[in-house]
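Reading through the structure tokens given below for one structure.
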Ligand code: NAD
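In structure tokens, the structure reads:
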């Protein structure tokens, strides 16, 4: 297992099997230098346990980087439950998972991810206090999407300033792929700034809402990434920056909220070669985890959350400048900056010990 490709610098990996409920889950703790490892729990019908394990390891490391770059007092971790979210959810399963989280004594804080809802988190919370992303309670942070969108809006402003030398967005065209929770809130921000919107989605009601509220122009899903726009903002699916799509982009900025936009790290080089400025996904979409962190640290403060979300603007400018100076892709520079933040904190901790 230690030879596994994805097992890089992880502190802990736990496998849980609860015979009574049928729960099978991995919890990966990547790094707790900055604080308890925080990251959502994903429910997915993985083909086998090795796929689930690799996903948990990869996602946990991503959370360490995301939390470090957002300046949060949190490390990185992730849980995966091997099950189908449409057919396998039971109260017993979530309670068993809650006991698993609790057994790690706060080293890992769980929250929602793909396949999980606030209702599921409520059941998990009956067994452990190490849960965030609840909709009710003393420090509940609620829906993270508006905060994620606010961060992306800040990120788009930073990219436009850096690439186009403009302080404001008025009159620019932004193409948004996916007008769901995040995409719709993002359109609200952009529309208020006088941006012309082009959108695509696979749900007609979402499109109707975008047309009615923002006078958005609609294009079919297969066209959205290639439309002529000042900014393309992927807010739907992962792996959309790949060998097929990259040659067809007709923009100089890609800045959106979807997770894992690069099919693999090398596609960052392809974007650099094409002169397209890419805002690393886990930096620009950190608004949601910043909001959740207000809850995870037990002292939710909206002012603090908003200030942190607005810092995304400066963090991205910093990444863009360093990437330019070093002539390297922004995704590589962001990873390196995150590793530096963690290494510096580790050194400080060790010297204080
Ligand atoms: P969502 O499900 O509410 O919205 C996704 C939208 O994309 C939906 O309207 C869906 O119909 C549409 N869509 C799906 N396939 C499409 C396609 N082929 N072409 C165009 N549209 C398509 O999800 P969300 O919460 O808005 O999250 C969007 C993305 O942002 C995801 O990748 C998610 O992982 C990421 N993200 C979300 C948050 C958050 O706070 N919700 C935080 C960080 C990252």
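In my numbering, the protein residues as written are 869 to 1221. Where a beta carbon is used, it is the ideal one built from N, C-alpha and C, also for glycine.
Nearest to residue 1228 (by Cα), restricted to the options 918, 1220 and 952: Lying outside 869 to 1221, the shown extent of the chain, residue 1228 is not represented and no answer is given.
Check: residue 909 C-beta below 7 Å from any heavy atom of the ligand NAD: no
Contacting residues, own chain, Cβ-Cβ under 7 Å from residue 1178 (five flanking each side not counted): 1022
Check: residue 922 C-beta below 7 Å from any heavy atom of the ligand NAD: no
Helix, strand or coil at residue 974 [DSSP, three-state]: coil
When 1141, 1164, 1138 and 1183 are compared against residue 1153, the one with the closest alpha-carbon: 1183
CB of residue 907 within 8 Å of CB of residue 927, strictly: yes
Alpha-carbon to alpha-carbon, residue 1099 and residue 1090: 17 Å
Element boundaries [alpha helix (DSSP H), containing residue 1095]: First-last for residue 1095: undefined, no H or E at that position.
Contact check, residue 1000 vs residue 1160, beta carbons under 8 Å: yes
The segment 897 to 904 touching the segment 1109 to 1129, judged by at least three CB pairs closer than 8 Å: no
Residues near residue 996 in its chain [Cβ-Cβ closer than 6 Å; skip 5 each side]: 966, 969 and 970
CA nearest to the CA of residue 1049, picked from 1038, 1039, 1025 and 1016: 1016
Supposed close pair residue 1101, residue 1043 - CB separation, criterion 8 Å: Contact check for residue 1101 and residue 1043: beta-carbon distance about 7 Å, within the 8 Å limit, so the pair qualifies.
Whether residue 1136 touches residue 1150 by CB criterion (8 Å): no
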